[in-house]
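Chemist:
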Amino acid sequence: MNSAGLPGTGLGGFLYLALALSMPFRELYLTLRGRSSRDRWKVVARQFAIACGILAGVESSFWLLARVGVLPQVGTGVFLVAPMAFSLSMLLAVLTVLWAWAQVVRLRGRTARRVVGGGPELVVDALPVTVEGAVPASDVPGRA
Amino acid sequence: MPELTSTATAVRPIAEMALGLTVIIPAYNEEASVGETVRSVLNQTCPPGRVIVVDDFSSDRTGEVAEAAGAEVMRPERNTGSKAGAQNLALAFVDTPYTMAIDADTTLVPDAIETLLAPMADPAVAAACGFVLPRHVGSLWERGRYVEYLMAFTFYKPIQDYYGKPMISSGCFSAYDTAKLKAAGGWSERTRAEDMDLTWTFYTHGHKVRFVPEAVCYPIEPHDFDFMGKQLKRWSHGFVQNVRLHWNDILPIPLLRTIVGVSMWDAVIASVVYLVALPLLAIIFRNPWLLLAYVFDLPAVLVPVLVKAWARGEFWRALASVPSFFVLRTVNAVYMVEAIVTEVVLRKPLLVYEKGH
């Protein structure tokens, strides 16, 4: 599976927006330390441009909705600032909870794995096979 | 995306690496597509050393078609019950340094293997995955998935790769370091999303995973609700199962825990908002304009999707597909709620692997 199949681009979308907008600053830092490259800057520029495009798109669509009377008329940029401030607060709260959770688990030293469903770990040798045209690997016991 | 370091990495010719590559193609009743998949692999600019099709006790001519197309064919004496089971059967026979997993309904662009193998020269890399796009874009479900993929692989995944943590090395087309794959236990059957399980296992073992956008593959996506439902059920349950399984292990990995934690938050909150809060608010306030919130993030979807679609000469197809994305996203929410309730509240894990088509 991919990132597809998960609902929502709310907080997740905002996280990626924030990460994309942070990329030039991180890359500048790496450039100053001699750990960057032209290829890396290409990626940074592309993702940063997309993030800026998203911000512009969001502001434009809210402005349009205000023009047709669905949203109240407010000053330029307000539509971006208010939801972004809300999303940023929410994101920081979630990140803080995740960080605190990580610290608690680290302190407890919990390393035991939870097994879901009781399914088998691996079944490489679970079934006999017939091989047509395949050359078995010599290092597999009982199959050579 | 790796930062440059003072230690130079020896660059191995890609063609030489490809000769040390075994491609595993698990297939169950795939006679209609497996031939094209095998030919697409064998006609690569850097063809692999071996191509093994695991004909997982198909009732059709999958094995014959694959063999005629030029693959080695393995056939168990009974169905393994899952894609992971079929892949592990072949993995036992792999003695090359690299292994690649490709779905039997997936074709590749001619240089996909060449580009995907490049980052595998880094000994720290355990897996690399490519850009996924549906081969057919016709039905509502295929169109929805097309937009989902365009957005995920154009905006999310390059960012994940830049920060060194692609969330999933997609099961339909990924390359692996064979030793690290075997050390991880192959493809585990303990969850219904074996690719996510494997990717997170690699991270907890300290390995790297890379995303290569130039390596494009085209799987056949579910074309109707029945098949899409099966796939979404598998994916949503797989996601919840993997979060439960790996949570304590990924907590010490800051970016991964952030991506997974926020994804889980989104999955829960967005599902409740789409399925309960929005319709309820619209009814309570008798204001249908509130339903516009279903598409509140339209610009956030449009920008990355149309940027990529424009570059591929598919602008109008992408634009026409955007409404389907919002339908699919709401359906995703239904399946996610069902998965969370079933897996977490009722504690009845999904144990059956049902194919998407």
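Heads up: the sequence lines are chains A and B, in that order. Quick note on this note's numbering: the first sequence kicks off at 514 and runs consecutively. Quick note on this note's numbering: the second sequence kicks off at 69 and runs consecutively. Just so it is clear, CB atoms sit at the ideal spot from N, CA and C, and this is done for glycine as well. Since the model is a prediction, treat every value here as computed from it, not as a measurement.
Considering only C-alpha positions, which residue in the set 269(B), 214(B), 254(B), 258(B) is nearest to residue 236(B)?
Modeler: 269(B)
Chemist: Is the Cβ of residue 525(A) closer than 8 Å to any Cβ of chain B?
Modeler: yes
Chemist: Do you know whose CA, among 336(B), 311(B), 342(B), lies nearest residue 328(B)'s CA?
Modeler: 311(B)
Chemist: Are the C-beta atoms of residue 381(B) and some chain A residue less than 8 Å apart?
Modeler: Not closer than 8 Å to any Cβ of chain A, the Cβ of residue 381(B) fails to qualify, so no.
Chemist: Measuring only the C-alpha atoms, how far is residue 422(B) from residue 150(B)?
Modeler: 8 Å
Chemist: So, at 7 Å on beta carbons, what are the nonlocal neighbours of residue 339(B) in its own chain, with the 5 sequence-adjacent residues on each side left out?
Modeler: 401, 404, 405
Chemist: Taking C-beta to C-beta, are residue 242(B) and residue 197(B) nearer than 8 Å?
Modeler: yes
Chemist: Fully enclosed by the region 271-344 of chain B, which alpha helix (DSSP H) runs are 4 residues long or longer?
Modeler: 293-318, 322-340
Chemist: Kindly indicate the opening and closing residues of the beta strand (DSSP E) around residue 140(B).
Modeler: Where residue 140(B) is concerned, the enclosing beta strand (DSSP E) starts and stops at 140-144.
Chemist: By the criterion of Cβ-Cβ separation under 8 Å, what are the contact partners of residue 597(A) in chain B?
Modeler: Within 8 Å Cβ-Cβ: nothing; residue 597(A) doesn't reach chain B, min ~12 Å.
Chemist: Can you round the beta-carbon distance between residue 529(A) and residue 318(B) to whole angstroms, since I take them to be within the 8 Å contact cut?
Modeler: Contact doesn't hold; Cβ gap of about 18 Å is too wide.
Chemist: With three or more C-beta pairs closer than 8 Å as the rule, is the region 212-230 of chain B touching the region 274-284 of chain B?
Modeler: yes
Chemist: Based on the DSSP secondary-structure assignment, which residues constitute the bridge partners of residue 168(B)?
Modeler: 91(B), 243(B)
Chemist: Could you check whether the region 540-552 of chain A touches the region 344-355 of chain B, counting it as contact only if at least three pairs of C-beta atoms, one from each stretch, sit closer than 8 Å?
Modeler: no
Chemist: Which of the three DSSP states is assigned to residue 157(B) in this structure?
Modeler: helix
Chemist: For the ligand PLP, is there any heavy atom lying closer than 7 Å to the beta carbon of residue 98(B)?
Modeler: Absence of the ligand PLP is noted for the structure shown, with no ligands found whatsoever.
Chemist: Using beta carbons (cut-off 8 Å, strictly below), is residue 375(B) in contact with chain A?
Modeler: yes
Chemist: In this structure, how does DSSP classify residue 639(A) when only helix, strand and coil are distinguished?
Modeler: In this prediction, residue 639(A) has a pLDDT of 42, which is less than 50 and means its spatial position is unreliable; what the coordinates show is noted afterwards. Of the three classes helix, strand and coil, the one that applies to residue 639(A) here is coil, per DSSP.
Chemist: Closest Cβ-Cβ distance between residue 193(B) and chain A: below 8 Å?
Modeler: Not flagged as an interface residue toward chain A: residue 193(B), since no C-beta distance is shorter than 8 Å.
Chemist: Near residue 245(B), which residues of its chain fall below 6 Å by C-beta distance, leaving aside the five closest residues on each side in sequence?
Modeler: 194
Chemist: Kindly indicate which three-state DSSP category residue 180(B) falls into: helix, strand or coil?
Modeler: helix
Chemist: Check for me: the beta strand (DSSP E) holding residue 583(A) runs from which residue to which?
Modeler: Counted as a single uninterrupted DSSP element, the stretch harbouring residue 583(A) is not any beta strand (DSSP E), since DSSP gives it neither H nor E.
Chemist: Bridge partners for residue 124(B) per DSSP, in chain order?
Modeler: DSSP lists no partner for residue 124(B).
Chemist: Give the range of the beta strand (DSSP E) segment to which residue 194(B) is assigned.
Modeler: 193-200
Chemist: Is the region 283-293 of chain B touching the region 174-189 of chain B in the sense that three or more CB pairs, one from each, lie closer than 8 Å?
Modeler: yes
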